[in-house]
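Engineer: Heads up, the sequence shown is in my numbering, so the first residue is -18 and it goes up one at a time. A virtual CB, placed ideally from N, CA and C, is assigned to each residue, including glycine.
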Amino acid sequence: MLVDAPYFPDELEMLPGVLGQAGFRPDALLATHADFDHLLARLAFPDLPLGVGEATMERIRAKPGEAQRDLRFYDASHYVERERPLGLGGVRVLPVPGKLELGTAGEELELHPAEGHAADGTAVMAPFAGVLVCGDYLSDVEIPLVAAGGSPAGYRSTLERLVSLVERAETVVPGHGSPLARAGALALLEADVAYLDALEAGRDELPPGRDTSRQREIHADNVAKHVA
């Protein structure tokens, strides 16, 4: 199972070979949510089934073509060209919360709801590997980004749910930024809760180490969308 994927075409082109060299050949794909940059595994593995949570499928169906339009816009902004468009046919719905069995070894993935960044979201826990893949949360390079459809309250609820998952994990893999050890992920989680507290109180306080011009833009967007 491959969860999410990189963005740039050269990364996607190399992905099957890199995974093959590591002895990992995915037989299915999973996306944490419907933002375009989390659906791009289909460009590297167009013939594999793609699984998404129920809320993600609802979002895809409610706004058909949105991911493709967003991808084209972002690509144009960054002078990126692709050989083929993003196809999202044959997407399979997975129950969230729920579990997904992997093969015959008795291993399974836990699927946990993770709304708040957006209207949809799934955090994926692999207990047998000690790995948590959390989507657009717990990033060491990005502040909490509360997109259209998301909410600070939903984001906070997901952070609360992530506490127990992080405590069970040895490695936390965010959608953006570096993989984290447990202690680092818990520290980031506390900093992100503090940021939400400041956001709702109307204070311009960004987490330490993430106070950059780009993160100030994201903060301003959070304020415009979600602070009365």
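1) Exposed or buried, what is G131 when buried is set at 16 or more other beta-carbons lying within 10 Å of its beta-carbon?
2) What does the alpha-carbon distance come out to for the pair G4 and E181?
3) Please report the straight-line C-alpha distance between K206 and G87, rounded to a whole angstrom.
4) For my contact list, A95 and A104 are in at a C-beta cut-off of 8 Å; report their separation, rounded to the angstrom.
5) DSSP beta-bridge partners for K80?
6) Using 8 Å as the Cβ pair cut-off and three pairs as the minimum, do the segment 151 to 166 and the segment 112 to 131 touch?
7) From this set, V147, A110 and A43, which residue's C-alpha is nearest A100's C-alpha?
8) Applying the 10 Å Cβ sphere with the 16-neighbour rule, what's the burial state of V(-16)?
9) Would F109 be called buried (16 or more neighbouring beta carbons within 10 Å of its own) or exposed?
10) Residues in its own chain within less than 8 Å of R197 by CB, not counting five upstream and five downstream?
Structural biologist: Looking at the atomic coordinates:
1) buried
2) 47 Å
3) 44 Å
4) 4 Å
5) E91
6) yes
7) A43
8) buried
9) exposed
10) L187
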